[in-house]
Each structure stands twice: as structure tokens, then as C-alpha cells.
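To start, the structure under review is shown below, and the notes come after it.
2 protein chains.
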Amino acid sequence: MRVAFQGEPGAYSEEAAHEYFGPVETQPFETFDDVFAAVTSGICESGLIPIENSLAGSIHHNYDLLLSHHLYIVGEYFLRVRHCLIGFPGVKKDQISRVISHPQALGQCAGTLRKLGLKAEAVYDTAGSVKMLKASGERTTAAIASKRAAELYGMQVLQDGVEDNSENYTRFLEIAPNPVVPEGEIKTSIVFTLKNMPGALFKALSVFALRDIDLTKIESRPLPGKPWEYLFYIDFIGLVSEETTKRALDHLSEYAIMLRVLGSYKRFHSL
Amino acid sequence: MRVAFQGEPGAYSEEAAHEYFGPVETQPFETFDDVFAAVTSGICESGLIPIENSLAGSIHHNYDLLLSHHLYIVGEYFLRVRHCLIGFPGVKKDQISRVISHPQALGQCAGTLRKLGLKAEAVYDTAGSVKMLKASGERTTAAIASKRAAELYGMQVLQDGVEDNSENYTRFLEIAPNPVVPEGEIKTSIVFTLKNMPGALFKALSVFALRDIDLTKIESRPLPGKPWEYLFYIDFIGLVSEETTKRALDHLSEYAIMLRVLGSYKRFHSL
Numbered sequence: 012m013r014v015a016f017q018g019e020p021g022a023y024s025e026e027a028a029h030e031y032f033g034p035v036e037t038q039p040f041e042t043f044d045d046v047f048a049a050v051t052s053g054i055c056e057s058g059l060i061p062i063e064n065s066l067a068g069s070i071h072h073n074y075d076l077l078l079s080h081h082l083y084i085v086g087e088y089f090l091r092v093r094h095c096l097i098g099f100p101g102v103k104k105d106q107i108s109r110v111i112s113h114p115q116a117l118g119q120c121a122g123t124l125r126k127l128g129l130k131a132e133a134v135y136d137t138a139g140s141v142k143m144l145k146a147s148g149e150r151t152t153a154a155i156a157s158k159r160a161a162e163l164y165g166m167q168v169l170q171d172g173v174e175d176n177s178e179n180y181t182r183f184l185e186i187a188p189n190p191v192v193p194e195g196e197i198k199t200s201i202v203f204t205l206k207n208m209p210g211a212l213f214k215a216l217s218v219f220a221l222r223d224i225d226l227t228k229i230e231s232r233p234l235p236g237k238p239w240e241y242l243f244y245i246d247f248i249g250l251v252s253e254e255t256t257k258r259a260l261d262h263l264s265e266y267a268i269m270l271r272v273l274g275s276y277k278r279f280h281s282l
Numbered sequence: 012m013r014v015a016f017q018g019e020p021g022a023y024s025e026e027a028a029h030e031y032f033g034p035v036e037t038q039p040f041e042t043f044d045d046v047f048a049a050v051t052s053g054i055c056e057s058g059l060i061p062i063e064n065s066l067a068g069s070i071h072h073n074y075d076l077l078l079s080h081h082l083y084i085v086g087e088y089f090l091r092v093r094h095c096l097i098g099f100p101g102v103k104k105d106q107i108s109r110v111i112s113h114p115q116a117l118g119q120c121a122g123t124l125r126k127l128g129l130k131a132e133a134v135y136d137t138a139g140s141v142k143m144l145k146a147s148g149e150r151t152t153a154a155i156a157s158k159r160a161a162e163l164y165g166m167q168v169l170q171d172g173v174e175d176n177s178e179n180y181t182r183f184l185e186i187a188p189n190p191v192v193p194e195g196e197i198k199t200s201i202v203f204t205l206k207n208m209p210g211a212l213f214k215a216l217s218v219f220a221l222r223d224i225d226l227t228k229i230e231s232r233p234l235p236g237k238p239w240e241y242l243f244y245i246d247f248i249g250l251v252s253e254e255t256t257k258r259a260l261d262h263l264s265e266y267a268i269m270l271r272v273l274g275s276y277k278r279f280h281s282l
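If you read the protein sequences in the order shown, they are chains A and B. Everything in the first sequence is counted per this note's numbering, starting at 12 for the first residue and increasing by one. Everything in the second sequence is counted per this note's numbering, starting at 12 for the first residue and increasing by one.
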């Protein structure tokens, strides 16, 4: 089995793929669009995409790609994001004066970097910053990335867990060409648009509340070409083929202009 | 009166400030954090920040800054974003081979750039790309930015309206140290967190639906340090000091852990 992920080898997405699937062949792609294309065309059997980070929020472009492609969500995984300060082997932490990484990783370590008196500089990618560091040969520069990235490029972890907030998790979704029939506690993800009328969202949520269906996430995205109208993405507990869920979605279709089920999958219990 | 905005001179935020306020002194700041700090400290009387684009979605960092600062929303404005292809005076469009701009602007013009056979390269800012182009002296490169940026740097608009989708609007908020008592049709913005219980959001929305209060926007953001709990930002039609609104917010406080009014302001009718 081959799993597509976005980023350089050693990216957090690749780390998540190895934790989630176990030993598996992973294939890096430059963009999320490329990951969706690789799974659609069959180059990879599935893809693992980040959808939400507990500190930074949703990765909106992936919500848009879920809508524009006809793949299914077949699983989820929560990765504890543990940033490492990475330098050349043999280098001591007090020899470092400059740190490179993706702006979001630098932001999540801003407190630590300030304490260590290090100058931060933004580059395009976390794992990519280790690759760049290695190529540059600059022994007074460090990178911030995953432990896996350090190992992959033969570099040294100078300090582990340099993130300011330890409640740093990323939720990943597994995407595949066909839906699955999952077992255990099930989550279902849907996307819909609503008729533009007062109380529309309230009515939409009522179809779940009236049936005691538990929502775990709601996200809104602009509808391209229709300013200030929205797509709503909802995750709820329940299997799409259950009677209660069927009735709820049937009820929802009374208020929705468009309604699509993105997939039912086993809920991941991380916390 | 002095208005703070984020970006280089000629940024879309500055264009919006001149359309919204009329003739006014504007002051550029490097980051949104700096804009909030300038208004808080009194360096500027108010600030104009983008909060949502009809194609790209919400500017989440500004939602976070509204929460972390004690400023009020006192107005809103919708800017029609019209991207211009900008080159050196005297240069013809068919002499151009490369285009620089902010990745989001390049993305919004991808179709046009493909048709013109132009290679796109990402830089940090739209107006900044015109500044960089001018400094580089490269006459076969063009930038994508506002008309105002072209005028400011003495450059030439080679083509106006190069965006692929004309439904491209950005909603701006005016922020100030004190609330206003607006006239006409009024919008109010609030932020709240909910007790973690089934149907929590449904109950929260019911306080508006049961009183026929029209919601215009809902946005969720992660609550730092509490993975998978959310802050909700809601805009609705109504003045905070009206009896119906007061009752709705009082009702909402039964379900909310935290509830804050960010401001009441005159609704802008753009469309």
C-alpha cells in the first residue's frame, strides 16, 4: 500500500502516516492538490491530509479540495506535534544564533526562541528547513522540524519539545477512492449549502439536536462566486447507513440546496 | 484623524481606508498585531483590518486579535478587490514574461496568467511586489497589486481586473478604543465559548432564532490550550442596547462560559 502526503520527506504528515498505518510506503507531493490527484488517479491507494490543528485552526484549502474531488474520508488520526530544534551533529545549543522553519512552526515556538535569544527566519517548509540547513553547511543555524526529519537528514536533535504550548495536536484525514464500512464508534462528515433564509443554520442544526446526534465540528467556507453565502462542513457521531442518521440527513435535505456525505469512518480517541 | 493599516503603502487595506473614510491620514504597519497595538496605544485613532474575503475566507489571525485586545468594532466596509497587472512605464504587455505578487493574489489571477503565458513567482506582499519590481529595474517582470500601488510607485497599469472571478470582495472592520452608538441598520459582533454538552451550538443559535434575529456570519476558532473546544464569533442584525438583543444575549449567557460583545456598528450595504 502506498500513501500520499504533502511536504518534504520527514514532514509531520509523513510521521502521522507511519504512526497511523504502521510500516507503509509513503510518497511525498509538493501540494495538497497533488495529493488529491495522486489518490484520484490511483498512483497512491490513499492519502493522509491535515484538516485541523488545535492551535492554528482548520486547513481550509483541504476543506475546499474535499468538495472539488470525489474521494471519501475513510479514517482519522490525531498527531501530537512535537517540534525539535535541529542542528549539525556535534554542535552545541549555545553555538546557535539563527533558526529557520515554516512560519507556523516558528510562531508555535516563539517563546522558547526568545528565551534562547535566537533570531527566527521563515522558510517554505518544516522538514524542508532541515534539508536546507544540511545543504547550507551553516553550523550556527538550527532548524525546527520533526524528530523524523532530523534522522532522515543525519542531523542532531539539540532540544526536543520546543513548542510553547504542549496542547499541540493535528487532526489528519485518510482519503481514498471508495467508502468503507467502519466498526466501533463512527464519525460521519458532510458538507451542505443552505437556502438563504432567517434561522437557516439553526434549522439545519435542529435535525441533529432533535435526534440527540452529537456534533464534533462545524466549519464554514465561502461559496465561490456567491459572496457571503457559505458551505457548511459538519462532523457528527453516527454511521451514515443507520436509521437515525438517514432520517436526520433526509430532514436536512428539506433546508439544504446541496448535501453531500464525505464519508463515515472510525472515530479516533486520542485525548 | 490617523488610520492604521497592515501592509506596504498602496495595499488594498489602504485603498479601503481611503474609500471608507474619505481623505484621511493613513499609517502602514508591518503586522496586524502592530495595527492593534497602534490603536490601543493611541498612535492612531482607529485601524482598518480585513476580516473576510469572499473567495479566500476569513482572516483568522484578526479574529484572534479581536479577542486578545480590548478594542471595539465601530464600522465595516466592503472593498471590491480589483487586481492590476503592473509594469514599468512604456513597457508593452507582450514584453512581460514573469509576474510577482502575494501567493493569494497570484492564485486569484491564475487563469489570466496561464492565458498570457506568464510565470508566477510568490513574494511577501501585493503592494510590496510593485516596490520590489521598481527597485529591481526588470522591465520584463510585472507585479499584481492595486491601481493605487501603481500610482504610488510611478508605474503603469498594463491590464486592469486580471482576477479570474469578479465576485472578489474583502470585508474590512474599523477598530477603535471606544464603542459607538450607530444609526440606521445595525450589526453586532460577539464572541463566546460554550459548555461542552450535546446540542450546545444548537441551543446557542436558538436564542437568536426564537427572537427572529438574523445571523449574518458564524465563525469557529480553536480555544488555545483546550484541543477541540471552540470559540464562536457571530455577527447578527441588531443593536446591543435594544431590548430584544439584550434578552437574546442574556439567554445566551445561560449556555456560554464566556461571552463578549465586540461592538455594534452600521451595516454596510455593498451588493
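Just so it is clear, CB atoms sit at the ideal spot from N, CA and C, and this is done for glycine as well. What you are looking at is a predicted structure, and each value in this text was computed from that prediction instead of being measured.
{"query": "Cα-Cα separation between Lys181 of chain B and Lys142 of chain B, rounded to whole angstroms", "result": "Lys is not the amino acid found at residue 181 of chain B; the sequence shown has Thr there. Answer to the nearest angstrom: the Cα atoms are 23 angstroms apart."}
{"query": "Residues bridged to Asp246 of chain B [DSSP beta-bridge criterion]", "result": "B:Ser200 and B:Lys228"}
{"query": "Three CB pairs or more closer than 8 angstroms across the region 215–227 of chain B and the region 256–268 of chain B", "result": "yes"}
{"query": "6 angstroms CB neighbourhood of Glu240 of chain A in its chain, flanking five on each side removed", "result": "Leu234"}
{"query": "Phe32 of chain B and Ser24 of chain B closer than 9 angstroms at C-beta", "result": "no"}
{"query": "Between the CA atoms of Ile54 of chain B and Phe287 of chain B - distance to the nearest angstrom", "result": "One cannot answer for residue 287 of chain B here, as it falls past the ends of chain B, which runs 12 to 282."}
{"query": "Any chain B beta carbon closer than 9 angstroms to Pro34 of chain A", "result": "no"}
{"query": "Span separating the alpha-carbon of Ile62 of chain B from that of Gln106 of chain B", "result": "37 angstroms"}
{"query": "Neighbouring residues, chain A, relative to Tyr180 of chain B (Cβ below 7 angstroms)", "result": "Pro238"}
{"query": "Whole-angstrom distance between Cys120 of chain A and Val173 of chain A, CA atom to CA atom", "result": "6 angstroms"}
{"query": "Local Cβ density within 10 Å of Pro74 of chain B, reported as buried at 16 or more and exposed below that", "result": "The sequence shown places Tyr at residue 74 of chain B, rather than the Pro named in the question. By the neighbour-count rule (16 or more Cβ atoms within 10 Å), Tyr74 of chain B is buried."}
{"query": "Chain A within 9 angstroms of His71 of chain B, Cβ atoms only", "result": "yes"}
{"query": "Per-residue DSSP class, three states only, for Phe16 of chain B", "result": "strand"}
{"query": "Residue burial classification, Tyr244 of chain B (beta-carbon count within 10 angstroms, cutoff 16)", "result": "buried"}
{"query": "The region 91–99 of chain B / the region 156–164 of chain B touching (three or more Cβ pairs under 8 angstroms)", "result": "yes"}
{"query": "Neighbourhood of Ala67 of chain A by C-beta, 7 angstroms cutoff - its chain only, sequence neighbours within 5 removed", "result": "Gln115"}
{"query": "Contact set between the region 51–72 of chain B and chain A, restricted to residues whose Cβ is under 7 angstroms from the partner", "result": "Ser65, Leu66, Gly68 and His71"}
{"query": "Test: Ala189 of chain A CB closer than 9 angstroms to a CB of chain B", "result": "The displayed chain sequence assigns Asn, not Ala, to residue 189 of chain A. No, Asn189 of chain A does not count as interfacial toward chain B."}
{"query": "C-beta contact flag for Ile197 of chain B and Tyr276 of chain B at 9 angstroms", "result": "yes"}
{"query": "Contact belief for Ala138 of chain B with Ala22 of chain B at Cβ below 8 angstroms, rounded distance in angstroms", "result": "5 angstroms"}
{"query": "Buried or exposed by the 16-neighbour rule on C-beta atoms within 10 Å, applied to Lys206 of chain A", "result": "exposed"}
{"query": "Partners in chain A for Phe16 of chain B, counting only beta-carbon separations shorter than 8 angstroms", "result": "The contacting residues do not exist; Phe16 of chain B stays about 21 angstroms from chain A at best."}
{"query": "8 angstroms CB neighbourhood of Gln167 of chain B in its chain, flanking five on each side removed", "result": "Ile97, Gly98, Phe99, Pro100, Gly101, Val102 and Ala161"}
{"query": "Any chain B beta carbon closer than 9 angstroms to Arg232 of chain A", "result": "yes"}
{"query": "Nearest-angstrom beta carbon gap, Lys130 of chain B and Arg150 of chain B [assumed within contact, 8 angstroms]", "result": "No, Arg150 of chain B and Lys130 of chain B are not in contact; Cβ-Cβ is about 15 angstroms, not under 8 angstroms."}
{"query": "CB contact check: Ile229 of chain A to chain B, cutoff 9 angstroms", "result": "yes"}
{"query": "Contacts that Ala220 of chain B makes with chain A (C-beta to C-beta distance below 7 angstroms)", "result": "Gly210 and Phe213"}
{"query": "Chain-ordered residues of the region 153–179 of chain A with a beta carbon less than 8 angstroms from chain B", "result": "Asn176 and Glu178"}
{"query": "Gly165 of chain A to Ala146 of chain A span [Cα, whole Å]", "result": "12 angstroms"}
{"query": "Contact check, Leu78 of chain A vs Arg271 of chain A, beta carbons under 9 angstroms", "result": "yes"}
{"query": "Exposed unless 16 or more other CB atoms sit within 10 angstroms - verdict on Thr227 of chain B", "result": "exposed"}
{"query": "Option in A:Glu30, A:Glu19 and A:Gly210 with minimal Cα separation from Val46 of chain A", "result": "A:Glu19"}
{"query": "Between the CA atoms of Pro34 of chain B and Pro238 of chain B - distance to the nearest angstrom", "result": "45 angstroms"}
{"query": "Residues near His262 of chain A in its chain [Cβ-Cβ closer than 7 angstroms; skip 5 each side]", "result": "Val218"}
{"query": "Alpha carbon of Met12 of chain B to alpha carbon of Leu163 of chain B, nearest angstrom", "result": "21 angstroms"}
{"query": "First and last residue of the uninterrupted alpha helix (DSSP H) at Tyr23 of chain A", "result": "Tyr23 to Phe32"}
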